[in-house]
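Residue numbers for the sequence shown follow our numbering, so the first one is 4 and each next one is one higher.
We treat Cβ as the ideally placed atom computed from N, Cα and C, and that holds for glycine.
Working notes, beginning with the structure itself.
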Amino acid sequence: MQWIKKGLLFNVENISDWANSHCHKPTPLILDDNTLRVYFGVRDRNSKTRTTFVDIDIQNIDDFKVKYFHDKPVIDLGKIGAFDDSGANVCSILRVNNSIYMYYIGWNPSTTVHTRNAIGVVVSDDNGMTFRRLYDGPILDRNKEEPYYTGAVDVIKQGDLWKMYYTSGSEWKMINGKPEIKYHIKYATSHNGIDWTRNNIDCILPNYDMEAVARPSVIYDQGIYKMWFSKRNINGFRLNSEKNYRGGYAESDDGKRWIRKDELFGLHLSENGWDSEAIAYPYVFKIKNRFVMLYNGNGFGKSGFGYAVLG
Numbered sequence: 004m005q006w007i008k009k010g011l012l013f014n015v016e017n018i019s020d021w022a023n024s025h026c027h028k029p030t031p032l033i034l035d036d037n038t039l040r041v042y043f044g045v046r047d048r049n050s051k052t053r054t055t056f057v058d059i060d061i062q063n064i065d066d067f068k069v070k071y072f073h074d075k076p077v078i079d080l081g082k083i084g085a086f087d088d089s090g091a092n093v094c095s096i097l098r099v100n101n102s103i104y105m106y107y108i109g110w111n112p113s114t115t116v117h118t119r120n121a122i123g124v125v126v127s128d129d130n131g132m133t134f135r136r137l138y139d140g141p142i143l144d145r146n147k148e149e150p151y152y153t154g155a156v157d158v159i160k161q162g163d164l165w166k167m168y169y170t171s172g173s174e175w176k177m178i179n180g181k182p183e184i185k186y187h188i189k190y191a192t193s194h195n196g197i198d199w200t201r202n203n204i205d206c207i208l209p210n211y212d213m214e215a216v217a218r219p220s221v222i223y224d225q226g227i228y229k230m231w232f233s234k235r236n237i238n239g240f241r242l243n244s245e246k247n248y249r250g251g252y253a254e255s256d257d258g259k260r261w262i263r264k265d266e267l268f269g270l271h272l273s274e275n276g277w278d279s280e281a282i283a284y285p286y287v288f289k290i291k292n293r294f295v296m297l298y299n300g301n302g303f304g305k306s307g308f309g310y311a312v313l314g
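Structure (structure tokens):
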């Protein structure tokens, strides 16, 4: 497959105290034939993350235009001491009947490692303008089999079964005197979108010892499960663009056993500009029977987000 880049869509640059930088993990919600809502995490001046959105005119699929920026968070920080008191960053959106479920990464600082992550959920009853927390605690966290880290997820629903693909930490490794997390993608199921059964099912494993894979984006298309994801080297990725985020791709017949086909990802670095150092956190969906990818570029979302269309 070959993606055609359409350029940068939006960036946050000191818009307000709470929206100072970054558009982290762009996540779509189709409102109607003409409007796409994209949620993302923004950082304040203390690097704490909240989720907000922009609305985009999609009448011309080759020329998306931002028409509205929501100037307040739809998910704010959690209560002090809760899992999300320092960050609440969207990673998956699912429309179910008249409600919209948003799954998000909550985080707070740790002592021995730089962060502790878990997954929360909020629900909207007004087409995604506002969301309410169902619980102050996470719905997916570290447990006895997965003791290190729980990161970005994607949730799909087929019949009565909810399927979650989630990022799970396999270990922290000391790299140049600092801890870095290794993670890969696993699978869980639910009958209500809240209570999840995970049977230690690995979907996407690293191809080499220092690889980390994360942020799944899953669709079911023509009898095949298709997943796009992020991958990087845990050693030096912050300083060396050759080790920074790139995209991966995999396919599955049953949604559990996956075959990596990274060579088919089909979107590469630009020679210069906002996505010349990294292709990060791709999310793929369909508009008007065309596949569209939202993604971050340089700086883990600091340079904003853009889009590409499958050729």
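Helix, strand or coil at residue i [DSSP, three-state]
i, result
"Leu297", "strand"
"Phe303", "helix"
"Asp60", "strand"
"Ser173", "strand"
"Lys291", "coil"
"Glu274", "coil"
"Lys181", "strand"
"Ser244", "helix"
"Trp6", "strand"
"Thr118", "coil"
"Glu149", "coil"
"Gly154", "strand"
"Ala283", "strand"
"Leu143", "strand"
"Asn23", "coil"
"Gly123", "strand"
Per DSSP, cross-strand counterpart(s) of residue i
i, result
"Gly309", "Leu11, Tyr298"
"Ser95", "Tyr106"
"Pro31", "Val41"
"Phe86", "None, per the DSSP bridge assignment."
"Arg52", "Looking at the sequence itself, residue 52 is Thr, so the reference to Arg does not match. According to DSSP, Thr52 bridges with Arg46, Gly90."
"Arg263", "Ala253"
"Trp165", "Lys160, Ser193"
"Ala215", "Arg235"
"Ile204", "Tyr190"
"Asp74", "Answer by DSSP bridge pairing: none, since Asp74 is not bridged."
"Asp224", "Ile227"
"Gly269", "None; Gly269 has no bridge partner."
"Ile113", "In the sequence as presented, Ile is not what sits at residue 113; that position holds Ser. Answer is none; Ser113 lacks a bridge partner."
Other residues of its chain near residue i: CB distance less than 6 Å, five sequence neighbours each side excluded
i, result
"Glu183", "Lys176, Ile237"
"Ala283", "Ser233, Tyr248, Asn299"
"Gly314", "Gln5, Ile7"
"Leu272", "Ser279"
"Met230", "Pro219, Val221, Ala253"
Close-in-space but distant-in-sequence residues of the same chain around residue i (CB under 8 Å, 5 per side omitted)
i, result
"Lys305", "Ser24, His25"
"Asp160", "At residue 160 the sequence reads Lys, which differs from the Asp that was named. Here the set comprises Leu97, Val99, Lys166, Gly196."
"Asn130", "Leu34, Ile103"
"Ile227", "Glu254, Ser255, Asp256"
"Gly307", "Leu11, Leu12, Phe13, Asn14, Val15, Cys26, Trp277, Asn299, Gly300"
"Ile262", "Ala253, Glu254, Ser255"
"Lys82", "Asp88, Asp139"
"Lys264", "Tyr252, Ala253, Glu254"
"Asp20", "Asp47, Arg48"
"Val116", "Trp175, Pro182, Ile184"
"Ile64", "Ile290, Lys291, Arg293, Val295, Val312"
7 Å CB neighbourhood of residue i in its chain, flanking five on each side removed
i, result
"Ile61", "Asn37, Thr38, Leu39, Phe67, Ile290"
"Glu148", "Asn203"
"Met213", "Asn236, Ile237, Asn238"
"Phe134", "Val77, Ile78, Met105, Val125, Val126, Ser127"
"Phe72", "Val57"
Beta-carbon separation (whole angstroms), residue i vs residue j, contact threshold 8 Å
i, j, result
"Asp144", "Ser95", "Rounded, the Cβ-Cβ distance is 16 Å, inconsistent with contact."
"Pro219", "Phe232", "5 Å"
"Ile222", "Val287", "6 Å"
"Gly140", "Ala85", "7 Å"
"Arg119", "Ala91", "The Cβ separation is near 14 Å, so there is no contact."
"Val41", "Leu297", "6 Å"
"Tyr151", "Gly180", "Not quite, the Cβ-Cβ distance comes to about 19 Å (not below 8 Å), so this is no contact."
"Phe281", "Ser244", "A quick correction: the sequence has Ala, not Phe, at residue 281. Correct: roughly 7 Å between the Cβ atoms."
"Tyr186", "Ala217", "6 Å"
"Thr189", "Asp163", "The sequence shown places Lys at residue 189, not Thr. No, Lys189 and Asp163 are not in contact; Cβ-Cβ is about 21 Å, not under 8 Å."
"Tyr310", "Lys9", "5 Å"
Is it a yes or a no for the stretch 74-85 touching the stretch 29-38, going by three-plus beta-carbon pairs under 8 Å? Three or more Cβ pairs closer than 8 Å define a contact, and the stretch 74-85 falls short of that threshold against the stretch 29-38.
Quick one: any contact between the stretch 122-131 and the stretch 93-112, if contact means 3 or more CB pairs under 8 Å? A contact exists between the stretch 122-131 and the stretch 93-112.
Touching by the beta-carbon criterion (3+ pairs, under 8 Å), the stretch 270-280 and the stretch 42-58: The stretch 270-280, when compared against the stretch 42-58, does not touch it at the 8 Å Cβ threshold.
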